[in-house]
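To keep things clear, I will list the structure first and then write my remarks on it.
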Amino acid sequence: MRGIERLTPYITSALSLIPIAAIIALTSLITYHGLGGLSWRFISSSILRGGVYEAVIGTLLLFSGATAIAAPLGVLAAVYLVEYAPRSWLTELVERAVENLAGVPSILYGLFGFTLFSKLLGFGISLLSGWLTLACMMLPIIVRSSQEALRMVPKSIREASLALGASKWTTITRCVLPAAAPGIATGVILGVCRVAGETAAILLTSCFYTMRGLPRSPLDPVLSLTYYLYILIVAKAGDTPLEVIFALSLLLFLLVVALNSTALILRFRYRGVKRW
Amino acid sequence: MVRIKIQTNSLNVWYGDNHVLQDVKLAIPEGHITAIIGPSGCGKTTLLKSLNRMVELIEGSRVEGRVLLDGRDIYDSDMDPAELRRRVGMVFQKPNPLPMSIYDNVAYGLRVRGIDDRAILDEAVEEALERAGLWSEVKERLRDSAFNLSIGQQQRLCIARALAVGPDVLLLDEPCSSLDPISTSRIESLLTRLKNDLTLVIVTHNLQQARRIADYTAFLYMGRLVEMAPTEEIFENPREELTRNYIKGRFG
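Each protein sequence line maps, in turn, to chains A and B. Counting in this note's numbering, the first sequence runs from 20 upward without gaps. Counting in this note's numbering, the second sequence runs from 506 upward without gaps.
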């Protein structure tokens, strides 16, 4: 027993190196194979000419549209839960549900979106179905982090505003939301991170491999980086040079890392600063 | 004979099952400073907060009885709490500037009433800061965050902010409890000046402070008003034994 006791620090520190090693291995593998193929030409030329232009634009369209839907809804839901809803079993239930929704596998969101938006509501396999499905995926994250940000705003600020004769809504829009804004923004970006690399949910709701060009309306299908990567690996294995696949992976990787870092930077910038 | 500004009649307040104010009958004279004293947890803050309906914001609170402001019941259904709080301002125990600039803090109460005219706001902000004795200290940095001010200055900013909307009554909840002696004495002399055109009600833990600035003093004990009289009487010759013991520091 004494021996194990003495060895514990070494074992734990060795084990803690595994995730770091995995990240380094992943990053260097993708970079090593992909860097050669990644160029402005690659990003900006059409899929028909060996580029990924449509998929880049498609990805941006997908997550910006989903954010435009999910962010206001999520923030309003959080405002309701924190500022208005009296504490009851119902709000407790809603909060538990939101927590669990964040952990639901994305393929189930895809199936749900396909059933509800594509079939039942008749939006088909389209950008719109993708927006709505991805918005459903982002919502729990945005609601959760907005709730946290709102709860961080001290009661004394609300009291100050109400005592000056401001209504509750004015207090929320003029004092509470601005004070919570950095936290809310971090949450929205984390929500974007969740869907920017998403494949399963849009596979079923918004992408056709035979899609060519950009969608002309929200009811058109769309291509995304993740979906196109999936197709290149699964359906066109052997036809595509490895360099292209890795260049695409690297691009996707950089996009998600950039988003995550923005969220991290925002969080750190405002964590230390006490503004009240 | 002084005019009565606020009169409470059989005022009762509950937090859940906790009966925190019991049958309080209190008359607050206009144009004077009234201090509310009493041991911790006796309901001083609750009494103060029931004078501008801030008490309603506390979850589980219930108010019964009447609070008449210039003869009108503030708990009437047609009384708008926002308009009431414009007339009855409040300053809190811990300075609580809003997370915005000094100027915006003072202009806030006017802006939420839809006043956006630059000239009107400028004038109101200057006047309010002047009345709170803060103008000369901040006029060069009105755009700075209110959090850059010292704690004492922040509390005077909170007073200025309350004055800007033109209240008749100012409620102060232990406004000096987090301040140093110099800031405290500045606030005390400020309050003494303000009573010329305002009715002030101050909750305080500090008996000496009540003695220095209050014209009338009310002693509250376990949710009941024990007695209220001119300050000198309360301190020199109280009617109730309980008051005498509290003043002499036998409990508290």
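For every residue, glycine included, the Cβ atom is placed at its ideal position computed from N, Cα and C.
(1) Suppose you measure from the CA of residue 635 (chain B) to the CA of residue 118 (chain A); what does that come to, to the nearest Å?
(2) Run through DSSP, which three-state label would residue 228 (chain A) get?
(3) If the criterion is Cβ atoms closer than 8 angstroms, does the pair residue 271 (chain A) and residue 245 (chain A) meet it?
(4) Quick check on residue 626 (chain B) - is its C-beta less than 8 angstroms from some C-beta in chain A?
(5) If you check the beta carbons only, do residue 146 (chain A) and residue 84 (chain A) fall under 8 angstroms apart?
(6) What residues are listed by DSSP as bridge partners for residue 514 (chain B)?
(7) Count the other CB atoms, across all protein chains shown, that sit within 10 Å of the CB of residue 538 (chain B); report buried if there are 16 or more and exposed otherwise.
(8) Rounding to the nearest angstrom, what Cα-Cα distance links residue 293 (chain A) and residue 653 (chain B) in this structure?
(9) Between residue 218 (chain A) and residue 78 (chain A), what straight-line distance do the alpha-carbon atoms span, to the nearest angstrom?
(10) By how many angstroms is the C-alpha of residue 629 (chain B) removed from the C-alpha of residue 702 (chain B)?
(11) Return helix, strand or coil for residue 609 (chain B), following the three-state DSSP convention.
(12) For residue 266 (chain A), does the three-state DSSP call read helix, strand or coil?
(13) Of the residues that make up the stretch 695-716 of chain B, which ones have a beta carbon closer than 7 angstroms to any beta carbon in chain A?
(14) Check whether the Cβ atoms of residue 128 (chain A) and residue 156 (chain A) sit closer than 8 angstroms, and answer yes or no.
(15) Give a yes or no on whether 8 angstroms exceeds the smallest Cβ distance from residue 295 (chain A) to chain B.
(16) Helix, strand or coil, according to DSSP, for residue 295 (chain A) in the structure here?
(17) For the stretch 180-210 of chain A, which residues have a beta carbon sitting closer than 8 angstroms to at least one beta carbon of chain B?
(18) At 9 angstroms on the CB atoms, spell out the chain A contacts of residue 588 (chain B), in chain order.
(19) Would you check if the distance between the CB atom of residue 137 (chain A) and the CB atom of residue 220 (chain A) is smaller than 8 angstroms?
(20) Buried or exposed for residue 153 (chain A), going by 16 or more other Cβ atoms inside 10 Å?
(21) Just mark residue 608 (chain B) as buried or exposed, buried being the case when its beta carbon has 16 or more other beta carbons within 10 Å.
(22) Please tell me whether residue 102 (chain A) has its Cβ less than 8 angstroms away from any Cβ of chain B.
(23) Out of curiosity, what's the CA-to-CA distance linking residue 65 (chain A) and residue 36 (chain A)?
(24) Candidates B:541, B:749 and B:711: which alpha carbon is nearest residue 725 (chain B)'s?
(25) Using CA atoms only, rank isn't needed, just tell me which of A:283, A:284, A:263 and A:287 is closest to residue 69 (chain A).
(26) Can you give me the Cβ contacts of residue 579 (chain B) inside the same chain, cut-off strictly under 6 angstroms, excluding the 5 residues immediately before and after it?
(27) Roughly how far, in whole angstroms, is the beta-carbon of residue 705 (chain B) from the beta-carbon of residue 699 (chain B), given that I think they are within contact range, below 8 angstroms?
(28) Just to confirm before moving on: does the CB-CB distance between residue 587 (chain B) and residue 104 (chain A) stay below 8 angstroms?
(29) Could you tell me whether the Cβ of residue 597 (chain B) comes closer than 8 angstroms to any Cβ of chain E?
(30) Between residue 569 (chain B) and residue 519 (chain B), what straight-line distance do the alpha-carbon atoms span, to the nearest angstrom?
(31) Pick helix, strand or coil for residue 218 (chain A), following the three-state DSSP scheme.
(32) Exposed or buried, which one is residue 621 (chain B) when buried takes at least 16 other CB atoms within 10 Å?
(33) Between residue 664 (chain B) and residue 693 (chain B), how many whole angstroms is the CB-CB distance? I'm expecting something under 8 angstroms.
(34) Since residue 175 (chain A) meets chain B, which of its residues come closer than 7 angstroms, beta carbon to beta carbon?
(35) Quick check: is the beta carbon of residue 178 (chain A) nearer than 8 angstroms to any beta carbon in chain B?
Answer, in terms of the structure:
(1) One C-alpha to the other measures close to 51 angstroms.
(2) If DSSP states are grouped into helix, strand and coil, residue 228 (chain A) belongs with coil.
(3) Yes, Cβ-Cβ distance for residue 271 (chain A) and residue 245 (chain A) is below 8 angstroms.
(4) Taking Cβ atoms only, chain A never reaches closer than 8 angstroms to residue 626 (chain B), which makes this a no.
(5) Less than 8 angstroms divides the Cβ of residue 146 (chain A) from the Cβ of residue 84 (chain A).
(6) Residue pairing by DSSP places residue 514 (chain B) opposite B:571 in a beta bridge.
(7) Per the 10 Å Cβ criterion, buried.
(8) Bear in mind that the predicted position of residue 293 (chain A) carries a pLDDT of just 49, short of 50, making it unreliable; the figure below should be weighed with that in mind. Going by the C-alpha atoms only, they are around 11 angstroms apart.
(9) Distance between the alpha carbons of residue 218 (chain A) and residue 78 (chain A): 11 angstroms.
(10) Rounded to whole angstroms, residue 702 (chain B) and residue 629 (chain B) show a C-alpha spacing of 16 angstroms.
(11) DSSP places residue 609 (chain B) in helix when its eight states are reduced to three.
(12) Under the three-state reduction of DSSP, residue 266 (chain A) is assigned to helix.
(13) Of all residues in the stretch 695-716 of chain B, none comes within less than 7 angstroms of chain A when Cβ atoms are compared.
(14) Contact flag set, yes.
(15) Summary for residue 295 (chain A): the model assigns pLDDT 49, below 50, so the residue's position carries little reliability, and this model does not support an answer.
(16) Summary for residue 295 (chain A): the model assigns pLDDT 49, below 50, so the residue's position carries little reliability; its value from the coordinates is reported in the next sentence. The answer is coil: DSSP assigns residue 295 (chain A) none of H, G, I, E or B.
(17) Closer than 8 angstroms at the C-beta level to chain B, one finds these residues of the stretch 180-210 of chain A: 180, 181, 182, 183, 184, 185, 186, 189, 193, 194, 197 and 198.
(18) Against residue 588 (chain B), the close residues of chain A are 184, in the order they occur along the chain (beta-carbon pairs closer than 9 angstroms).
(19) For residue 137 (chain A) and residue 220 (chain A), no; Cβs fall outside 8 angstroms.
(20) A residue is called buried once 16 or more other Cβ atoms fall within 10 Å of its Cβ, and residue 153 (chain A) is buried on that count.
(21) By the 10 Å Cβ count, residue 608 (chain B) comes out buried.
(22) Not closer than 8 angstroms to any Cβ of chain B, the Cβ of residue 102 (chain A) fails to qualify, so no.
(23) Computed Cα separation, rounded: 41 angstroms.
(24) For residue 725 (chain B), the closest alpha carbon among the candidates B:541, B:749 and B:711 is that of B:541.
(25) It is A:263.
(26) Contacts found: 572 and 589.
(27) Right, the Cβ-Cβ distance comes to about 6 angstroms (below 8 angstroms), so this counts as a contact.
(28) Going by C-beta atoms, residue 587 (chain B) is not nearer than 8 angstroms to residue 104 (chain A).
(29) Note that chain E does not occur in the displayed structure, where the protein chains are A and B.
(30) So the alpha carbons of these two residues sit roughly 9 angstroms apart.
(31) Three-state result, residue 218 (chain A): coil.
(32) Per the 10 Å Cβ criterion, exposed.
(33) 12 angstroms between Cβ atoms; not a contact.
(34) Result: 597, 599 and 601.
(35) Yes, residue 178 (chain A) counts as interfacial toward chain B.
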